[in-house]
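Okay, so here's the structure we're looking at.
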Amino acid sequence: MILPTRRDLLPGTLDMLILKTLTSQTMHGYGIAQHIQRLSQDVIRVEEGSLYPALQRMRQKGWIKAEWGLTPNNQRARYYTITPLGRRQLGQQESSFGDLIAAISRVMGPA
Amino acid sequence: MREWLARLRDWLRRDQLDRELAEELRFHQEQLKREAGAAGLDPDEAAWMARRKLGNVTRHREEARDRWSWPWLDDLQQDVRYALRGLGRSPGFTATVILTLGLGIGANAAMFGVIDRLMLRPYAYLREPARVHRVYLQSTHRDRTRIASGGIEYTTYLDLRKGSSSFSRFAAFTSGPMAVGSGDAVREFAVASVSGSFFDFFDARPVLGRFFGAAEDITPQGAPVAVLSYAFWKTEFGGRDVVGEILQVRNIPCTIIGVAPEGFDGVMAERPPAIYIPITTNAGYANAQSDLTGYFTRYNWGWISIMAQRNPGISVDEASADLSDAYLGSWNASLALDPEGTPPEIARPRAIAGPLKIAAGPDPSLEARTLKWVTGVAVIVLLIAAANVANLMFARVLHRRRETAVRLALGVSRQRLLRQYLTESFLFAGLGCVAGVAIAQWGGALLRHLFLQQGTSLDVFTDRRTIMVAAGFALAAGLMTGIGPAIFELSIGKALETLQVFFGNSFFFVAQFNDTLRN
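First to last, the protein sequences are chains A and B.
Throughout the first sequence, residue numbering follows numbering that gives the first Met the number 0, covering 0 to 110 in sequence.
Throughout the second sequence, residue numbering follows numbering that gives the first Met the number 0, covering 0 to 518 in sequence.
What follows is the structure, given as structure tokens:
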């Protein structure tokens with residue numbers, strides 16, 4: 000099994016990806032990692048070493064809430080929910096991210 | 000800010016968070032294992048894959064844990080615990096230190112409470128406090144210059160108001176005890192008599208009804224109306240709707256028209272009034288049986304104080320000069336009625352727009368001057384207390400030098416030790432502060448009696464300004480008593496130890512030094 004080369008995320012994008020993922024539904028850490036990996040077609044792999052510290056940081060900032068719940072298989076897991084503050088944060092990050100992408104493509108010129 | 004609070008909350012329940020994180024990571028690993036198993040790997044291989052994918056679990060946990068671990072807070076907690084244990088081990092020493100510091104801090108807190116009320120604390124609700132003055136009148140009689148902050152004739156007040164142009168507002172006021180109530184229920188309360196313009200000086204809205212104004216404050220006799228203070232309304236009327244009720248104030252059957260907001264003391268915080276009535280109501284009823292016009296046409300009844308709000312753009316000196324001109328005119332008017340009075344060339348009448356608080360004014364009373372002296376003494380008492388405690392700490396340091404040497408030898412960093420000893424002295428200071436506030440609360444009665452008029456509230460426990468100042472004194476005391484011994488312990492203490500090793504106790508300086516401190 001060949002692992003694709005790891006891509007470095009732009010700083011701050013992980014938070015945005017997590018928040019975006021949580022807008023659709025409440026999820027546990029593993030689910031978030033899977034979701035991002037699946038939607039990015041395996042290009043982005045969220046490392047647990049960055050995922051859990053990021054989740055803790057965002058919880059302390061009040062962007063997400065954490066609650067223990069049961070998975071469909073009756074296992075205890077910690078589920079994360081986005082808060083109104085988190086949604087506001089996501090909006091800001093999305094718009095500044097859009098600006099950044101537009102700026103980069105301007106610099107790179109027409110394909 | 001919010002984030003820091005969250006981090007602090009997390010720190011307090013860090014053990015629980017550690018456990019939860021471990022469980023979360025275990026769950027993650029199981030999911031990876033299941034996924035690998037579903038892909039057709041045998042269990043052993045699946046477990047290995049999962050472990051490899053998840054990587055170093057301990058490292059992940061450490062990284063996430065950084066979000067709630069605060070090493071210095073852990074250290075602090077440990078230091079405090081250690082210091083508390085030390086305190087408990089030598090109760091006599093602890094009690095002596097706390098009581099000594101408590102007396103020093105308490106004396107200062109109590110003095111500050113009095114000084115603050117007499118000289119510093121701004122009046123609640125006062126608008127433009129920088130431009131509101133008390134009017135002081137200076138004159139010379141028989142070679143003695145007198146500065147009056149009160150006891151001024153109402154006629155003079157009218158003259159100053161009419162004769163000056165530097166002020167947007169004037170108010171006359173006076174306060175004193177009066178019999179309030181009727182029949183058996185008569186009791187004495189502080190009653191303030193104030194001009195109708197008085198309430199305009201403040202940014203206060205009545206909690207009930209309304210304040211009185213110029214229409215009710217008219218010569219010769221003002222309207223019989225009263226505004227209650229919030230505290231009086233609460234204690235005497237239980238806070239019910241009293242507007243329209245009649246309250247007998249001396250010989251005035253007053254209709255209650257309103258209640259002042261909580262904490263409103265006018266400019267009489269030294270002795271908060273219970274009731275406010277128009278000043279012309281007081282004068283009009285006081286003179287009802289005799290001459291009703293004398294108090295505002297002649298100059299033979301001095302009984303009021305004056306406050307005035309200076310116009311913006313006019314300096315204090317200009318305002319005082321303007322007032323002085325008006326006062327000279329008033330002086331001459333009084334001479335016209337009473338040719339026997341002192342001529343202005345000799346009396347040299349002068350008016351001063353000074354601070355509202357008399358103790359901070361051009362002629363501070365004897366009490367204010369005494370107060371400064373007593374405060375100086377209180378500060379010295381605190382310094383002596385701190386020096387004594389520092390001495391005790393030095394002795395303790397010597398007593399403990401073996402322990403210190405061992406800990407240093409075991410590799411404790413000097414900073415850590417220094418911090419620990421400072422924690423100890425700050426803990427002492429903190430406990431001293433608590434003792435001091437209690438001493439100030441219960442021992443302050445004497446000061447109150449000496450410097451403030453009766454009926455003044457001086458509750459240290461609920462006074463944030465005094466508590467803050469006491470905490471400040473405690474901080475200073477903690478530093479004073481802690482830093483010296485701590486540094487001594489780590490440097491000179493070490494040197495002494497070395498000297499002793501080399502020369503033994505026969506080295507007379509060391510021997511003597513030790514003996515001195517042991518005794």
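Just so it is clear, CB atoms sit at the ideal spot from N, CA and C, and this is done for glycine as well.
| query | result |
| --- | --- |
| Taking beta-carbon pairs under 9 Å, can you tell me which members of the stretch 202-213 of chain B lie near chain A? | none |
| Mind checking whether arginine 406 of chain B and leucine 416 of chain B have CB atoms under 9 Å apart? | yes |
| Taking only the alpha-carbon atoms, compute the straight-line gap between glycine 454 of chain B and leucine 136 of chain B and give it to the nearest angstrom. | Any reading at glycine 454 of chain B must be qualified, since the residue scores a pLDDT of 49, below 50, and its modelled position is unreliable; the value itself is stated next. Glycine 454 of chain B and leucine 136 of chain B: Cα-Cα distance of roughly 28 Å. |
| Please report the Cβ distance between threonine 82 of chain A and tryptophan 62 of chain A, rounded to the nearest whole angstrom; I am assuming they are in contact, meaning their Cβ atoms lie under 8 Å. | 6 Å |
| Residues in its own chain within less than 6 Å of aspartate 362 of chain B by CB, not counting five upstream and five downstream? | Ile146 |
| Going along the chain, which residues of the stretch 12-41 of chain A sit with their C-beta nearer than 9 Å to a C-beta in chain B? | His27, Gly28, Tyr29, Gly30, Ala32 and Gln33 |
| Note down the Cα distance separating glycine 360 of chain B from proline 343 of chain B, rounded to an integer number of angstroms. | 24 Å |
| Name the two residues that bound the continuous alpha helix (DSSP H) containing isoleucine 95 of chain A. | Checking the displayed sequence, the identity of residue 95 of chain A turns out to be serine instead of isoleucine. Here the alpha helix (DSSP H) through serine 95 of chain A covers 83-107. |
| What residues of chain A sit near glutamine 247 of chain B, judged by a beta carbon separation below 7 Å? | The premise fails here: glutamine 247 of chain B is roughly 59 Å from chain A at the closest Cβ pair, so nothing lies under 7 Å. |
| Is the stretch 70-86 of chain B close to the stretch 410-424 of chain B, with three or more CB pairs under 8 Å? | yes |
| Take glycine 503 of chain B and list the residues in its own chain whose beta-carbon comes closer than 6 Å to its own, dropping the five residues that flank it on each side. | Residue confidence is low: glycine 503 of chain B scores 48 on pLDDT, short of 50, so the model does not pin down where it sits. No coordinate-derived value is stated. |
| How is the alpha helix (DSSP H) around proline 519 of chain B delimited, first residue to last? | An answer regarding residue 519 of chain B cannot be provided, because it is not within the stretch 0 to 518 covered by chain B. |
| Helix, strand or coil: which one does DSSP assign to lysine 356 of chain B? | coil |
| Is the beta carbon of serine 174 of chain B closer than 9 Å to that of glycine 265 of chain B? | yes |
| Have a look at the DSSP bridge pairing and note the partners of isoleucine 113 of chain A. | Residue 113 of chain A lies beyond the residue range present for chain A, which begins at 0 and ends at 110; the question has no answer from this structure. |
| Just to confirm the assignment, what range does the alpha helix (DSSP H) spanning methionine 177 of chain B have? | Note, methionine 177 of chain B: premise wrong, no alpha helix (DSSP H); beta strand (DSSP E) at 166-179. |
| Work out the CA separation of alanine 385 of chain B and glycine 91 of chain B for me, nearest whole Å. | 17 Å |
| Would isoleucine 383 of chain B be called buried (16 or more neighbouring beta carbons within 10 Å of its own) or exposed? | exposed |
| Identify which residue in B:Glu127, B:Asp74, B:Ile255 and B:Leu125 has its Cα closest to the Cα of valine 242 of chain B. | B:Ile255 |
| Is the Cβ of glutamine 92 of chain A closer than 9 Å to any Cβ of chain B? | no |
| Under 9 Å, do glycine 48 of chain A and arginine 64 of chain B count as touching if we go by C-beta distance? | no |
| Can you check whether the C-beta of aspartate 9 of chain B is within less than 9 Å of a C-beta belonging to chain A? | yes |
| Taking only the alpha-carbon atoms, compute the straight-line gap between isoleucine 345 of chain B and histidine 140 of chain B and give it to the nearest angstrom. | 8 Å |
| Just checking: is the beta-carbon of arginine 116 of chain A within a distance shorter than 9 Å of some beta-carbon in chain B? | The displayed coordinates of chain A run from 0 to 110. Any statement about residue 116 of chain A would go beyond what the structure contains. |
| Note the first and the last residue of the continuous alpha helix (DSSP H) segment covering arginine 33 of chain B. | 13-37 |
| Look at the alpha carbon of tyrosine 294 of chain B and the alpha carbon of phenylalanine 210 of chain B, and state the distance between them as a whole number of angstroms. | 24 Å |
| Between the Cα of leucine 426 of chain B and those of B:Arg12, B:Trp67, B:Asp41 and B:Gly87, spot the shortest distance and give me the residue it belongs to. | B:Gly87 |
| So, for tyrosine 78 of chain A: in the same chain, excluding its five sequence neighbours on each side, which residues have a beta-carbon less than 8 Å away from its beta-carbon? | Thr25, Met26, His27, Ala65, Glu66, Trp67 and Gly68 |
| Which residues in chain B have a C-beta closer than 7 Å to the C-beta of arginine 86 of chain A? List them in chain order. | Neighbours of arginine 86 of chain A on chain B: none; closest Cβ ~16 Å, over 7 Å. |
| How long is the line joining the alpha carbons of phenylalanine 188 of chain B and arginine 270 of chain B, rounded to whole angstroms? | 11 Å |
| Would you say the stretch 207-222 of chain B touches the stretch 267-285 of chain B, given that touching needs at least three Cβ pairs under 8 Å? | yes |
| Does proline 52 of chain A have its Cβ less than 9 Å from a Cβ in chain B? | yes |
| Taking contact to mean 3 or more Cβ pairs, one atom from each stretch, closer than 8 Å, check whether the stretch 121-136 of chain B and the stretch 349-358 of chain B are in contact. | yes |
| Just to confirm the assignment, what range does the beta strand (DSSP E) spanning valine 224 of chain B have? | 224-227 |
| Ignoring anything shorter than 4 residues, give me the alpha helix (DSSP H) runs that lie fully in the stretch 74-127 of chain B, in order along the chain. | 90-114 |
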